Amino acid sequence: MSDFPVLTVTTFLPMAGAALVMLLGRDRLARWIALVTTLATLGVSVPLCLSFDKSKSALQFVEVHEWIPSWNIAYGMGVDGISIPFIFLAALLTILCVGVSWTAVRTRTSEFYAALLVSETAMIGLFAASNLFLFFVFWELMVIPMFLLIGVWGGPGRVYAAVKFLIFTLAGSVLMLVGMIVLHNTCGTLDFKALAAAKDSLPAAHQAWLFAAFLAAFAVKVPMFPVHTWLPNAHTEAPTAGSVILAGILLKMGAYGFLRVSLPILPEGVQAFLLPMLVISVVAIVYGAYVTLVQTDMKRLIAFSSVSHMGFVTLGIFTLEQSGVEGAILQMINHGIISAALFLCVGMIYERTHTREIKDYGGVGKVAPIYATMLAFFCLASAGFPGLNSFIGEVLIIGGAFKTQSWLGAMAVWGVALGTTYLVWLYYRVVMGKTNEGLRGLKLELNAREIATLVPLVALAVCLGLYPEVVLSYLHVPVAELLAGVKP
Amino acid sequence: MQDMIFLIPCLPLGGALLCALIYAWGGSGLQDLAGKIAAAAVGTAFAITLADFIGGESLHQELFTWIAVDTLEIPLEFTLDPLSGFMALIVTGVGFLIHVYSLGYMADDDARAKYFAYLNLFIAAMSVLILGSSLPVMFIGWEGVGLMSYLLIGFWYDKDDGRPAKAGQKAFIANRVGDLAFLLGMFLLFTELDTVSFAGMQTSADKLDPEIATWACLLLFVGATGKSAQLPLYVWLPDATAGPTPVSALIHAATMVTAGIYMLCRTSFLFALSPTAMLVVAVVGAVTALFAATIALAQRDIKKILAYSTVSQLGYMFLACGVGAYSAAIFHVATHAFFKALLFLGAGSIIHGMHGEQDVMRMGGLRKFMPVTWITFLIGSLCLAGFPLTSGFFSTDEILWETAMAGTQPALLLWGVGAITALLTAFYSFRLVSLTFLGEPRFVPAEVHPHESPKSMTVPLVILAGLALVGGALGLPEHLLEPLGHIPNWIHHYLEPVITSAHPLVPTDGDGHTMSTAAEGLFMFYSSIIAVVGILGGYMLFQRGPDRAGVLVAKMRPLHTLVAGKWFVDEIYELFVLAPLAILARAAAWFDLHIVDGLVNGVGSMSRRCAHKTARLHDGHLQTYALWMAAGTAIILGIVVVQLL
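These protein sequences, in sequence, are chains X and L. The numbers in the first sequence follow the numbering used here, run straight up by one, and end at 488. The numbers in the second sequence follow the numbering used here, run straight up by one, and end at 1133.
Here it is as structure tokens:
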């Protein structure tokens, strides 16, 4: 089994499924092929997680093949404890995307599922790549299906949103490309581990410039303040599955980039930018929360809350404390679970009512108690309710922030309080009160397929809230090694 | 019994899950079963607590490691020691009675299975709060009870134009503001001490810098003011009466609102390090007690009167904590749980019998219609008023006496505030009793037919009335028992091992028993006089209805308006907290849309405009190209010429 290219298979299985979908091209068959493919991908990724040796910091399941020998670039795959949880999450969320699109997507279905499956390949490949070149390839590959998902299957403003997303992302990745070329020219390799070993040959000034170049790409993806404005548009216009992929995985790619590229390879650059990064993170948390408070569109509200929540992630990473970084990674997973679930919830009710305006709702709890319970659960999880997953992430991040500079932690706590406020308001306006007249006659309660789509996320939120070691145990060793390299 | 502690929260949790399943998928026939399951779950939890309590040892149970990163290690651990055991006994005991009462009270509600699921979850969360061995585990319960309180206040969210839902929201957010301070305090302690377990913090508390200790204590105290409805975060509690009445009795009188006091007792070793924080606690407690008592004087809604009274009584408990009289605070928690739960359930029985009427001005003469409710309500009111030898008398007197004796300056001033509050309390209690039960009916008998409530409601009333009468036995002062020999004040003695007081409060002689029994007796005499005067005042003024007092009110119109308007604190909040929040949020959203995103769109449209302009250069006319070529040549020539010169 040791020679079995498990990572390559996990990565490209969805791509093969996409090809099959396009070839067979029949609408009803397409969703079944997509479902089987995504389930199979998760099936392959489970033994990956289980047989992973958590005590080692070296990459595992490594595959290296010659690719462009003249440039010393290889096709390299390999995972450590940081990437494993993301691969699992990506595999899981894509299944749920198929589940929520089952009846919602009615036009060009085979193309839709093909795009979805290609994006899964890009996501998993990105987390499995062991060199910067392959990382970049998957990074760019991700943009194409996402652009299509928003631009073809999106809402009324989809073209503006898709173009905005594309331009923002490409503007960022052009600079990453420049950074990559510079790194290649200076160090002669693009392998992550080799680059980390060669980091001392990079002068501090160089590192700062390189950090800035990569920051452009990563900050857009996270998104960090002030380059976040593509996100509300993209989320609002994207179909539910698109929003789930965006919130669940795509936003994590930027933060993952910091962990994979900036921290290990450019420690001096990190030190040079440390304070600005911390400040921007806290601004994102608080400012994002304030902006969220007055949103009137459910999807826009969750999108802005993502800005605030991702601020926690970058804050945690740049505390450079063990607890802060572990908390940040856990919080990336948590946010992937919760915001994906919230977008699923909104998408499910939108499919019935065709409105996302909060004021068109009210009293949903009376007619759809199971839906109301699900929404309440995920709002609580998002608000950092203790016993659920986000709480652990926030505690670890804020604990790390307190150790760095306590005012950072205090501001973050303020963000938590604002977070409760907008989520309680959302819940209050949608679920409580008198049943809105416009909702009469609609069957709002969830069906079995939709409940089955949400239940895995409920289970994960509870499980990670009560026993976070499930994820944290993967992180202890690699994060410790990562930080040992960054600390001056 | 050590391995059974986890069952105290887990049994109600399991009950809640069953009730939820019944609510979602069971038929209407199963709904009645839900209530019985819920009551049985809490009853069993009570039995386990009682067994552990009688065992008398401090027990610990570690389930598993919850969070372990770096130096932070938090096990999911429960501790049942005298303090938490005593609290758990109150919570599960009173909780059980209120479950039984709810079986009758909620019998006609369509969603009663949901109600019992919430109620059971509340008991589970409250048990976690009490039994948790560290601040984060306590915080699970802390947030849990806040959530259940939110859901239960808003239980009838579509009634009264959504007033209950709004009240629930207000409660949740006010609580969350307090929780913010709790979290900050916790992080501060973790940063300084590297541990957040109570045992761990207690051993390393000496390392704490006094100034940090003050900050940590004040932050924890702000957290406590949120949950326990003290100034300035008390505003949610009076509105919380929008929930079903048994909920008001259980959550907003007997148990949840005492969580703040419990937390202060649990962390008494920290407060011992900071006299400043202690003083703040005492002053806030005393001022809240007086402030809320004045509001209670002029309310018309029976549940609002009781709610303000609760705020006021909680103020007493904080006053006790602030002067270091923790066991007196816990004593008052217990007696208050009995008599205030009794009063709320009595109020529920009245409202039930009056078909939903809550305005005391439209009651009167009810004693003839509801004899059991009348007698039990009278007993509860006597306790609240501190009538001699009732439970409320002993606990209130204990607090006042220890306040007067404490080293906290200004002790006599604090005592004075407490004493005036006691007078007002006795007065409004008997205003309430007189307006409700005495005099002639002020409702239209043809429309309203008051009737006594069913057995499942009256039996808990009788049990609670019994407890309220004899509950004072838990803390009989030593000097009263002196003739019988050296019998220590039971609760004081019992809680002693787990409470750290900054200074011995009451002067003791060499053998450790208290001195100056004469002084203590004198204070007890004062307390009795105060109670009796207040009771007589309330009775005389209101026994024939509100008219006699109306004359008095007319003379003090501005003061009455101020008090009846609740000092207009809600309006002040609206103006100084909510409005700025809304303005700031709107400003941020505007900034985001027009400045940040405006810049993005601006860059976009600018480059498009530039492109359009440059594209115009290529208009396809040969003459234009020739012109531009000539111009370019001229410029280059010009540069060359300039350089040559």
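Idealized CB from N, CA, C, for every residue including glycine. These numbers were taken from a predicted model, which means no experiment stands behind them.
Asked                                                                                                                        : Found
Check whether L/G834 and L/T864 have beta carbons under 7 Å apart                                                            : yes
Counted within 10 angstroms of its Cβ, other Cβ atoms place L/Y606 as buried (16 or more) or exposed                         : buried
Chain X contact for L/Q549 (CB, 7 Å cutoff)                                                                                  : no
Cβ-based burial, X/G78 [other Cβ within 10 Å; buried from 16]                                                                : buried
Start-to-end residues for the alpha helix (DSSP H) that takes in X/G485                                                      : E469 to V486
Partner residues on chain X for L/F660, Cβ-Cβ distance less than 8 Å                                                         : T420 and V424
is_contact[L/G1000, chain X] using C-beta, thresh 7 Å                                                                        : In this prediction, L/G1000 has a pLDDT of 44, which is less than 50 and means its spatial position is unreliable; nothing more can be read from the coordinates.
Span separating the alpha-carbon of X/M15 from that of X/L117                                                                : 6 Å
Uninterrupted alpha helix (DSSP H) stretches inside the stretch 199-230 of chain X (no shorter than 4 residues)              : 204-221
Near-chain L residues of the stretch 365-383 of chain X (beta-carbon distance less than 9 Å), N- to C-terminal order         : G365, K366, P369, I370, T373, A376, L380 and A383
Within 7 Å, strictly: CB atoms of X/L315 and X/S382                                                                          : no
Chain X contacts made by the stretch 619-630 of chain L, where a contact means CB separation under 9 Å                       : P624, V625, F627, I628, G629 and W630
The stretch 915-934 of chain L in contact with the stretch 787-806 of chain L per 3-pair CB rule at 8 Å                      : yes
X/M77 - containing beta strand (DSSP E), residue span                                                                        : I73 to V79
For X/A16, three-class secondary structure by DSSP                                                                           : helix
C-beta contact flag for L/V799 and L/A780 at 7 Å                                                                             : yes
One or two residues paired with X/H309 in a DSSP bridge                                                                      : Beta-bridge pairing links X/H309 to no other residue.
Where the alpha helix (DSSP H) containing L/A566 begins and where it ends                                                    : Sequence check: residue 566 of chain L is Phe here, not Ala. Not the alpha helix (DSSP H): L/F566 falls in the beta strand (DSSP E), residues L560 to L568.
CB contact check: L/V710 to chain X, cutoff 7 Å                                                                              : no
X/S323: contacting residues in chain L (beta-carbon distance under 7 Å)                                                      : V557, D558 and L560
Neighbour-count burial assignment, L/A529, 16 or more Cβ in a 10 Å radius                                                    : buried
Member of L/L964, L/F827 and L/A601 whose CA lies at the smallest distance from the CA of L/I512                             : Checking the sequence shown, residue 512 of chain L turns out to be Ala, not Ile. It is L/A601.
Buried versus exposed, by CB contacts within 10 Å (16 or more), X/V64                                                        : exposed
Pick from L/L538, L/F604 and L/T537 that is closest to L/Q519, judged by C-alpha positions                                   : L/F604
Whole-angstrom distance between L/V616 and L/G998, CA atom to CA atom                                                        : Low local confidence applies: a pLDDT of 44 at L/G998 is under 50, so the model's placement there is unreliable, with the coordinate-based value given in what follows. Whole-angstrom Cα-Cα distance: 40 Å.
DSSP-derived helix/strand/coil call for L/V625                                                                               : helix
Limits of the beta strand (DSSP E) - the one that X/I82 falls within                                                         : From DSSP, X/I82 is part of no beta strand (DSSP E); its letter is neither H nor E.
Alpha-carbon spacing of L/A892 relative to L/F931, whole angstroms                                                           : 46 Å
Helix, strand or coil at L/S546 according to DSSP, with G and I counted as helix                                             : coil
Of the residues L/I700, L/I510 and L/P1034, the one placed nearest L/A765, counting alpha carbons only                       : L/I700
Residue interval of the beta strand (DSSP E) (run including X/E63)                                                           : Q60 to I68
In DSSP terms, what L/V557 is bridged to                                                                                     : L/L560
Enclosing alpha helix (DSSP H) for X/A241 [first to last residue]                                                            : T240 to I245
Counterpart residues of L/S685 in DSSP-defined beta bridges                                                                  : L/S622
CB of L/L571 within 7 Å of CB of L/F541, strictly                                                                            : no
Stretch-stretch touch, CB-based, cutoff 8 Å, three pairs: the stretch 226-238 of chain X with the stretch 148-160 of chain X : yes
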